[in-house]
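Step one of this worksheet: look at the structure below.
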Amino acid sequence: MKISLQSTSQPIRSVRGLVICCIRQWALQLVALAATAAVIAVVIGGSLGVGDSIQQGLRRMVSQRIGGIAAVIIGREPFGKQFSERLNASFQQKLDVDSSDCRTDLISAIVVEMTVERPAGGGQSRASAVATLLGCDRPAALLFEIPPSEVKGVQLSQRLVDLLGLKVGDPVILRVNERSAVPSDTPLGRRQGSSRSRRVTLTSVLPTGSVGDFSVSSSEPPAGVALVSLTLAEQLLDWSGKRNGIFLVGGTCAQDFVNELDQCSEPTLLDIGLVLKRYGDGSCLGLTSRRMILEQAVDNAAQHTMADLGGVPSLVFLANEISMKSEAAKAKVPYSTILGIQDTSHPVGDLVGEDGQLLPMPVGNEVIINSWLADDLAAQGSPVSVGDEISFHSFVPETIHGNVAERVHHCRVGGIAAMSGLAKSQDVVPTVEGVTDEESIADWDPPFPFERERVRTTAPHDEDDQYWKQYGSAPKVFMPLVRAREIAGSRFGETTAWHLPSLSQGKMDKLASSLAAAVPLQSVGLGVRPLASRANVAAKGSTPFGILFLTLSSFLVVAAIILLWICFGLLVSSQHRTLGALAALGWQPRQIAKVLTVVAGVPISLGVLVGTILSPLWSHVLLTQLGGAWTKGIGAETANVFTVATPDVTNLFLGAMITGCIAMAAVFIAALRTGAQPPLQLFHGSGMSLSCVPFWLRPRWPVSSLVGLAGRNVLRRPVRSLAVILMVCLAEFLIVFVSGFELVDSGNWQKWDSPTGGWTYVAKFANPTSLNPSVPSVSHLLSLNENQCNLLEQSTIALLRSNQGDDANCANLFATSNPRVVGLPDSFLDRGGFRFVDHLGLSNEQENPWHLLQVSERKEDEIPIIIDAATSQWALKLGGLGTIVRLDPASGTISKEASSGSKQNGVRCRIVGLLEPSVLQGLILIAEDDFTRLFPLQSGYTMALIDMPSSPSAGVREPAVRDQTEQALTAAWADFGVRLEATQDRLSRLFAVQNTFLAGFQSLGTIGLFLGTVGVAAVGIQGVIDRRNTLAILLAIGFRRRRLGTVLWIESMILVALGILLGGMSGFLAALPFTRGAEQSLPWGWLLFSVGGTVIAATIASLCAVLWVPVANRPLGE
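Under the numbering used here, think of the first position of the sequence shown as 1, with each following residue one higher.
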């Protein structure tokens, strides 16, 4: 190989000319530098491009889901269309005053969760799917990318059509749950599901990019949309003239007016479910709620606005049976109301005795009974007088897992009221559907267990029915309000009505306005949700993917820098005579370093330019790999987030600058060290001083084998050898470390300590339910056949409470600020299951870590929580075990507690346990009692875990049993919009998320091994160049070229083996603390494949090194 500068037609008169001549003559070696710099630029620019593409994909997905909607109001209860009309007028007036050029609009709509069914027929079985019913007459105004056609019939999103196998013209059934305004967790709330349905024709399909992608949640793929007209939605729901949704539309500029919308929102009492009306002869006003009980926020507002006007609160509840306390007494009066009052002088009327005098207010455990009850007890043989004790049975104010419980209370009669005034008024009792609206007690259809045989409705003993027809629901017992609240108060409220003396119509209207304004809109579900701003925050992603890929690519960048250094050393070795001549002619070290830096800088700059241009191609390769794996393992609904985006010029420039600075710094340092060598050492090609072991440190033992000779040759240039070892080590470390996090299917899903916890299905409900069909008394009330009832009764079902938060598991790429909080019942905690990464210490009495959620010795202001380790550490960034966090029930946000002295909203919580990856990933788990305390208005259960019965044969769950159980569960919860997901499928989906990204990271390690192989070849070539005379001597004394090739191959294998061994061991040890779960193991097949490929590639590289540089048969003269 010719290594000196060839003569040129023109003499070199400047450093510039010398640089140009060197570039021309050293082009072959400089190409290697350019290629290495290009690899660095591709890796850095491609990693930044991946992060930018995913970021743009998330923003694009958010835009597809909300269109031009900036904010939304979705009421908990429907409101009149007059509310939206008033709000629109007030809002537009506000915009006119502000002289805004932003074009905004308010769109009224109906938005509820429902079920779309494909009826059986035509050889197809019945199929159903949960969807969002969107009733809107102006869907085009929502500014989605693809505007829908005119609203006729029903239009379904593409996802629903594909899922149900429908086509235009097919009949579909729209089914919505009939929700009771009364909380289902109270005895007077409806727990058994009922629904309304309508058969319609599918008129068109909503394509992707249209309103069919609409969703107010970013945590899960949209369930699908059924778009209908407002009229059809009103008919389906029986909401004549009512809505529950208002959209603020107007694109980006509309986001600036969200606060104005909140200020313009002035609902009436009727809009928030309250009624203020006159009673009786108009001498009294009363405030009641459609929910039958006033929420705490409403109660506080009433106290603030009505107390000064003479208003008083009251609480009424039902006594299932009233009797004398004496066991011998047989007199019993069924189903009577009891009223808690603050004073016997009441706006409805006074409680007076038979003499017309006001009765004294009972205190403590005393009560006042009306004269009808006293007479009825006497007629049954149990006369009662003041001072006697009576007993009554009443329901516990909150149901227990959907079951109504009864409790007995004792009290002493403090007075008997005449049947006048308050004693005979039914105006103090709120309307209860199926009870107070019936003409006869015999016609009752109450939501609570009703024993008709108790009621006396047949003459001559029809006393109960006669009382009902004459006095209705008028209370028979009156007690202090404080005592009534102890008995019947609940988390839903402690007041059923407020009453005050009558006012003029003007004052009454003013009171109604003041009262409505005093109620916080968020507390009654009419708060404005800034949908666009929240979506933009969520679109930032749960993980900075660009930084993540760049961080993991740093191993590859370091390997490329080492290769760059090796290639530069190869250049120096091949041109040592030229450099030595320059030094001998008097060139200063810095001049030589400057020339080398400029000569290397030109191809490096070209390489950076080419690599920057090609970096989007690397992004495309990674994103295509990620998108394909995501589609296969998770689903295609969110796979478009991995679509390659238009390259960001800023990121490309940033990547080029980083690459150029790194590469030039590495070359400049190496050039300085080269220029500092003595001229004679440079001329003889000794290279950099630290790359060769001094003579007195070289091994002196005799060599008796080719392996020994190869080992001594490796030690001859320790820095150079170490560089190759480090390149292979870094690549192998990345592959092994990343592979250690790969999740595998162990197949032991039935075990309680598996990632499924032994559960078979996870159920989610569009509408909360309290029905547990595994209870025999419940399953037989449902429309199930005998086989289905038997299957469900053999199953174990755990109903779970949850708020309306987002899933924070790894399948949710969006940033989650309000994760889903789940309340676990005691039965779940006692059952146990799942595996913990770590948990706080257990007491001597405790063996189950789940009981840490029930620790009685905990601080009163601190709630224990359990969460999976990955969600805590990465998705929510809360920290590890024992961390104190703040959970704000109002907003649902959770964050790590700030340093002392700073004020934070929310309740203090402590992480007492960290779970391994499981089906509970992404959930904040607390005890059910703590959940009801944090979220008092959340009624019913929105999740369930089901452990289906095992097959009789060998305890294996047969597919037939699984299918039958799934059908039974779907039928049992059909009215609640149930979505069933097998725990194995859910777990496979969660595992696939992690494994998808790991595959991308493994690709980086594979490229690193490729760079290591190139480094082996470069070092081999450089070693042959440095030792040509030595190799020629070996040939002269009888060595064959084949044996010399074997020595060079052994040298390469030593370097590769050491790199693989050190990298594999360090990667395994680094990953070990994070991969203690049984579902995590090293993919040995992939590791063996990568190691084998590296060995083969290194063999080829060593052969190329032998063939690349010719070796003479005798030593060359110096």
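No residue lacks a Cβ here, since even glycine has one placed at the ideal position from N, Cα and C.
Nearest neighbour of residue i, chosen from the options [CA to CA]
i, options, result
"Glu-732", "Pro-397, Leu-1011 and Glu-433", "Leu-1011"
"Arg-483", "Lys-476, Ala-474, Glu-494 and Pro-475", "Glu-494"
"Glu-433", "Val-413, Ala-405, Arg-60 and Arg-291", "Arg-291"
"Phe-79", "Ser-265, Pro-119 and Glu-260", "Ser-265"
"Leu-1048", "Ile-107, Leu-706 and Ala-665", "Leu-706"
"Thr-208", "Pro-221, Arg-198, Thr-201 and Val-200", "Pro-221"
"Asp-281", "Leu-945, Pro-501, Gly-940 and Ile-73", "Pro-501"
"Ala-1057", "Lys-424, Leu-261 and Thr-1013", "Thr-1013"
"Arg-1027", "Leu-1044, Gly-1015, Glu-897 and Phe-214", "Leu-1044"
"Leu-800", "Ser-783, Val-821 and Glu-916", "Val-821"
"Ile-924", "Cys-21, Val-50, Ser-504 and Asp-888", "Asp-888"
"Asn-803", "Ala-89, Val-1095 and Gly-892", "Gly-892"
"Glu-272", "Gln-794, Arg-456, Gln-82 and Asp-137", "According to the sequence as given, residue 272 is Ile; it is not Glu. Among Gln-794, Arg-456, Gln-82 and Asp-137, the Cα nearest to that of Ile-272 is on Gln-82."
Under the three-state DSSP convention, the category residue i falls into
i, result
"Ala-1078", "In this predicted model, Ala-1078 has a pLDDT of only 49, less than 50, meaning its place in the structure is not dependable; the value taken from the coordinates is given anyway. If DSSP states are grouped into helix, strand and coil, Ala-1078 belongs with coil."
"Gln-426", "coil"
"Ala-639", "helix"
"Asn-177", "strand"
"Thr-104", "coil"
"Ser-63", "helix"
"Thr-496", "coil"
"Ser-802", "strand"
"Ala-38", "helix"
"Pro-616", "helix"
"Gln-155", "strand"
"Ile-1123", "Look at the range of the chain in this structure, 1 to 1118, and you will see that residue 1123 is not part of it."
"Arg-820", "strand"
"Phe-733", "helix"
"His-851", "helix"
"Ser-371", "helix"
"Pro-768", "strand"
"Asp-838", "strand"
Environment of residue i [buried if 16+ CB atoms lie within 10 Å]
i, result
"Ile-400", "exposed"
"Ser-615", "buried"
"Lys-330", "exposed"
"Ile-1131", "The structure shown does not extend to residue 1131, since the chain spans only 1 to 1118, so no value can be given for it."
"Arg-716", "buried"
"Phe-653", "exposed"
"Val-15", "exposed"
"Cys-661", "exposed"
"Val-649", "exposed"
"Asp-807", "buried"
"Glu-260", "buried"
"Met-61", "buried"
"Phe-991", "buried"
"Ser-289", "buried"
"Glu-1148", "This structure leaves residue 1148 out entirely; the chain is present only between 1 and 1118."
"Pro-694", "With a pLDDT of 49 at Pro-694, under the threshold of 50, the predicted position of this residue should be treated as unreliable, though the coordinate-derived value follows. It is exposed - the Cβ of Pro-694 has fewer than 16 other Cβ atoms within 10 Å."
Quiz item: Counting Cβ pairs, one atom from each stretch, are 3 or more of them under 8 Å apart for the region 782-795 and the region 804-817?
Solution: no
Quiz item: When the Cβ atoms of the region 188-205 are set against those of the region 974-993, are three or more pairs found closer than 8 Å?
Solution: yes
Quiz item: Which whole runs of the alpha helix (DSSP H) in the region 528-614 are 4 residues long or more, in chain order?
Solution: 531-538, 545-574 and 576-584
Quiz item: In the region 956-1014, which residue ranges form an unbroken alpha helix (DSSP H) of at least 4 residues, counting only runs that do not cross its ends?
Solution: With a minimum length of 4 residues, the continuous alpha helix (DSSP H) runs that stay inside the region 956-1014 are 959-972.
Quiz item: What residue ranges within the region 205-291 form continuous alpha helix (DSSP H) runs of no fewer than 4 residues, ordered along the chain?
Solution: 230-237 and 258-264
Quiz item: Are three or more beta carbon pairs between the region 602-619 and the region 26-46 nearer than 8 Å?
Solution: yes
Exercise. With a floor of 3 residues, list each beta strand (DSSP E) that falls wholly inside the region 455-480, ordered by position along the chain.
Key: Taking only runs of at least 3 residues, the beta strand (DSSP E) segments lying wholly in the region 455-480 are 477-480.
Practice problem: Take every Cβ of the region 408-422, pair it with every Cβ of the region 132-141, and state whether three or more of those distances are shorter than 8 Å. | Solution: no
Quiz item: On the three-pair Cβ rule with 8 Å, is the region 668-682 touching the region 45-62?
Solution: no
Quiz item: Quick one: any contact between the region 26-33 and the region 617-636, if contact means 3 or more CB pairs under 8 Å?
Solution: no
Practice problem: Tell me the start and end of each unbroken beta strand (DSSP E) in the region 293-336 that is at least 3 residues and wholly inside, in chain order. | Solution: Complete beta strand (DSSP E) runs here, min 3: 312-324.
Quiz item: Using 8 Å as the Cβ pair cut-off and three pairs as the minimum, do the region 294-314 and the region 531-546 touch?
Solution: no
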